[in-house]
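Okay, structure first, notes after.
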Amino acid sequence: MKKTIYLFSGLFAVLFTSSCKKDYTCECTTSYSYNGVTSPDVDINQITIKGASKHAAKANCLDTEQTYSYSYGSTTYTYTYSQDCELK
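In my numbering, the protein residues as written are 600 to 687.
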């Protein structure tokens with residue numbers, strides 16, 4: 600009897616703790632800055648992550664930042680592009 604109870608409780612635990620794969624939406628707000636001055640313009644993009652577990656979707660919904668610098672004469676210009684993302 601105890602073996603049967605342990606077997607069924609183990610099966611129920613596996614069924615109810617398994618992660619479901621579904622579609623998730625990653626919403627990213629993009630901002631820009633030029634020589635340290637942030638632009639008032641922002642873009643909002645939504646990316647659909649299909650057929651993933653919640654853990655995998657979080658791992659693919661990342662904040663990013665890219666900085667580009669170039670020189671013209673003795674002046675250096677810096678352009679920064681950053682995305683703040685949130686899993687919805």
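Even glycine gets a Cβ: it sits at the ideal position worked out from N, Cα and C. All values derive from a computational prediction rather than experimental measurement.
Around the beta carbon of Tyr623, 16 or more other beta carbons sit within 10 angstroms, so the residue counts as buried. Taking Ala655 as the centre and dropping the five residues before and after it, the same chain places the C-beta of Ile648 closer than 8 Å to its C-beta, in chain order.
In the three-state scheme derived from DSSP, where H, G and I count as helix and E and B as strand, Lys653 is classed as helix.
Taken through DSSP and simplified to helix, strand or coil, Asn659 comes out as helix. Annotated three-state conformation of Ser630 is strand, per DSSP.
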